[in-house]
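A.B. asks: Input: one structure, supplied below.
In the numbering used here, the protein residues as written are 16 to 206.
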């Protein structure tokens, strides 16, 4: 998948070293893994689980790298890992969770929302999911902002004081329709 600034491709063992470095960074692991250090073996397990999920469910984790600015170029080999975004689950309740992480030097640039929008589009149009959830670390105001920007709504509290946000397919389609209509017919304040 591609967005305006990102190339997303399923994680593979070729990403192992970059993922290990990314996920063991203190700022990333604080929000994604509850400050627990991730081992090389756990990264291998995550990559393998994602590969199985893609084969069985049509979704998993995508490595995020800068998109090429040159027309027609599709290779992302050699470009630095910007982060990861994707879908995990389903859990015991049948919910599929959206997860993402970015390199700290990429925070605040709108890349998380851009990547997650592509993931939601895939979830609802390609994978045929009915609902996607996100477990938000309440200490991360930016993660809360991403969930809200995507049209997700608060659904309750999760473990360890996290907040559960969710969006269903119908809600997402309505949100996308309203945004498209606004872009086509901007209000006078937006001009």
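Yeah, the Cβ is synthetic: ideal placement off N, Cα and C, and Gly gets one too. Computed from a prediction, not measured in an experiment: that's the story for all the values here.
1. Mind checking whether residue 26 and residue 78 have CB atoms under 7 Å apart?
2. So is residue 188 buried or exposed if we call it buried at 16+ other beta carbons inside 10 Å?
3. Nearest by alpha-carbon distance to residue 47: which of 180, 172, 155 is it?
4. Using a 10 Å radius around the Cβ and a threshold of 16 neighbouring Cβ atoms, would you call residue 127 buried or exposed?
5. Span of the alpha helix (DSSP H) holding residue 46?
6. Go ahead and label residue 89 buried or exposed: buried means 16 or more other beta carbons lie within 10 angstroms of its beta carbon, across all protein chains shown.
7. If we ignore side chains and look at the alpha-carbon of each, how far apart do residue 95 and residue 122 end up?
8. Among the candidates 45, 98, 21, whose CA atom is the shortest distance from the CA of residue 31?
9. Identify whether residue 172 lies in helix, strand or coil by the three-state DSSP scheme.
10. Hey, residue 211 and residue 100: beta-carbon distance below 7 Å or not?
11. Over what stretch of residues does the alpha helix (DSSP H) that includes residue 160 continue unbroken?
12. What residues in its chain sit with their C-beta under 7 Å from that of residue 183, if we drop five residues either side in the sequence?
13. Tell me whether residue 127 sits in a helix, a strand or coil according to DSSP, three-state version.
14. Would you tell me roughly how many angstroms separate the C-alpha atoms of residue 57 and residue 139, rounded to the nearest one?
15. Secondary structure at residue 177, three-state DSSP: helix, strand or coil?
16. For residue 21, does the count of other Cβ atoms within 10 angstroms reach 16, so buried, or fall short, so exposed?
17. Let me make sure I understand the geometry here. Which of 181, 39, 160, 163 has the alpha-carbon closest to that of residue 171?
18. So the alpha helix (DSSP H) residue 70 belongs to, where does it begin and stop?
19. Looking at the C-beta of residue 168, does it have a partner C-beta in chain B at a distance below 7 Å?
20. Going by beta carbon distance, what residues of the same chain come within less than 7 Å of residue 104, once the five residues before and after it are set aside?
C.D. replies: Well, looking at it:
1. If you number the chain shown from 1, residue 26 lands on position 11. If you number the chain shown from 1, residue 78 lands on position 63. Taking 7 Å as the Cβ cut-off, residue 26 and residue 78 qualify as a contacting pair.
2. Counting from one through the chain shown, the residue named residue 188 turns up at place 173. By the 10 Å Cβ count, residue 188 comes out exposed.
3. For the purposes of this step, residue 47 is identified with residue 32 of the chain shown, where counting begins at 1. For residue 47, the nearest C-alpha among the options comes from 155.
4. Looking up residue 127 in the chain shown gives position 112. Buried: at least 16 other Cβ atoms inside 10 Å.
5. Position 31 of the chain shown holds residue 46. Counting along the chain, the alpha helix (DSSP H) containing residue 46 begins and ends at 41-47.
6. On the chain shown, position 74 is the one that residue 89 refers to. Residue placement at residue 89 is poorly supported in this model, since its pLDDT is 46, which falls under 50; the coordinates are not used for a value here.
7. Within the chain shown, numbered from 1, the residue matching residue 95 stands at position 80. Within the chain shown, numbered from 1, the residue matching residue 122 stands at position 107. Taking the straight line from one Cα to the other gives about 15 Å.
8. Taking the first residue of the chain shown as position 1, residue 31 is located at position 16. That would be 98, whose Cα lies nearest to the Cα of residue 31.
9. Mapped onto the chain shown, residue 172 falls at position 157. DSSP places residue 172 in strand when its eight states are reduced to three.
10. For the chain, the structure presents residues 16 to 206; residue 211 sits outside this window and is missing.
11. What you label residue 160 is simply residue 145 of the chain shown in a count that begins at 1. Where residue 160 is concerned, the enclosing alpha helix (DSSP H) stretches over 156-164.
12. Along the chain shown, read from residue 1 onward, the residue named residue 183 stands at position 168. Closer than 7 Å at the Cβ level, and outside the excluded window around residue 183, lie 145, 146.
13. Taking the first residue of the chain shown as position 1, residue 127 is located at position 112. In the structure shown, residue 127 sits in a helix (DSSP, three-state: H, G or I).
14. In the chain shown, counting from the first residue as 1, residue 57 sits at position 42. In the chain shown, counting from the first residue as 1, residue 139 sits at position 124. Their Cα atoms are separated by approximately 29 Å.
15. For this step, residue 177 is matched to residue 162 along the chain shown. Reduced to three states, the DSSP call for residue 177 is coil.
16. Here residue 21 is taken as the residue at index 6 of the chain shown, counted from 1. The residue in question, residue 21, is buried, as its Cβ has 16 or more Cβ neighbours within 10 Å.
17. Within the chain shown, residue 171 is the residue found at index 156, counting from 1. With distances taken between Cα atoms, residue 171 lies closest to 181.
18. Here residue 70 corresponds to residue number 55 of the chain shown, with the count starting at 1. First-last of the alpha helix (DSSP H) with residue 70: 55-72.
19. Within the model displayed, chain B is absent; a lone protein chain is all it includes.
20. Taking the first residue of the chain shown as position 1, residue 104 is located at position 89. Answer for residue 104: 110, 111, 112, listed in chain order.
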